[in-house]
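Last residue of the sequence shown? That's 200 in my numbering, and every number before it is there in order.
The beta carbon of each residue, even a glycine, is placed where N, CA and C say it ideally should be.
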Amino acid sequence: MTLTPHVTPRADLPPELEAGLRSLLIAAYPQFADFWAGTSYWGSEPEWHLWLADPAGVPAAQLGCGRRVAEVGGREVTLVGVGGVATHPAFQRRGVGLRLLRELRAFLHTQPEVDFAFLQCREEVVPFYERSGFVRVPNPVHYLDPDEDRWVTDHGPTMILPVQAGLGDWPVGERVNLRGMPW
Numbered sequence: 018m019t020l021t022p023h024v025t026p027r028a029d030l031p032p033e034l035e036a037g038l039r040s041l042l043i044a045a046y047p048q049f050a051d052f053w054a055g056t057s058y059w060g061s062e063p064e065w066h067l068w069l070a071d072p073a074g075v076p077a078a079q080l081g082c083g084r085r086v087a088e089v090g091g092r093e094v095t096l097v098g099v100g101g102v103a104t105h106p107a108f109q110r111r112g113v114g115l116r117l118l119r120e121l122r123a124f125l126h127t128q129p130e131v132d133f134a135f136l137q138c139r140e141e142v143v144p145f146y147e148r149s150g151f152v153r154v155p156n157p158v159h160y161l162d163p164d165e166d167r168w169v170t171d172h173g174p175t176m177i178l179p180v181q182a183g184l185g186d187w188p189v190g191e192r193v194n195l196r197g198m199p200w
């Protein structure tokens, strides 16, 4: 299966690609179709969309990501937050999601100032992210909830991927203050 990777800055996203990403998200998460009909991200607006195109140029998988300096245990850490990870149902269970995350890792290694990739996810998808190199860490995460418009602390699964820093550099167990909305 030939899928072509693309990294598109959000600022350069043409309307037809935005519509294609929304269609992909609706197909992958039909229970949130009303939400995805209006946008291709939840929370913080991504800096980039990383996506895999099928031979016709249609998005088969995508994620949004963006840089931020967060505070972890009283120290500043540069993160690329990852969100909106989705694979179209027609491409699921064929390694496409793992390919998307390999492309993310390659892209992140072109970003010299990024210490870690960061995401939070549902418990049932933790093994998927672990297969791609993400590591679960026991850190509570403090952020501005975009749905509730209030600050919350979330103890759900938190995953990191070392980029320019080593795994041993991560402050295990310390509170992560995202200083804004999640990705």
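{"query": "Beta-carbon gap between L69 and T21 smaller than 8 Å", "result": "yes"}
{"query": "Outcome for V169 when other beta-carbon atoms lying within 10 angstroms are tallied against a minimum of 16", "result": "exposed"}
{"query": "Secondary structure of D186, DSSP reduced to three states", "result": "helix"}
{"query": "Per-residue DSSP class, three states only, for D171", "result": "strand"}
{"query": "Chain-order list of residues whose beta-carbon lies under 8 Å from that of G100 (same chain, five-residue window excluded)", "result": "Y58, W59, G60, S61, P63, L80, G81, C82, L136, P199 and W200"}
{"query": "Where W68 sits in the DSSP three-state scheme", "result": "strand"}
{"query": "Contact set for V143: own chain, Cβ-Cβ below 8 Å, skip 5 residues either direction", "result": "R153, P174 and M176"}
{"query": "Cross-strand partners of R92 (DSSP beta bridge)", "result": "V89"}
{"query": "Check whether R148 and L115 have beta carbons under 8 Å apart", "result": "yes"}
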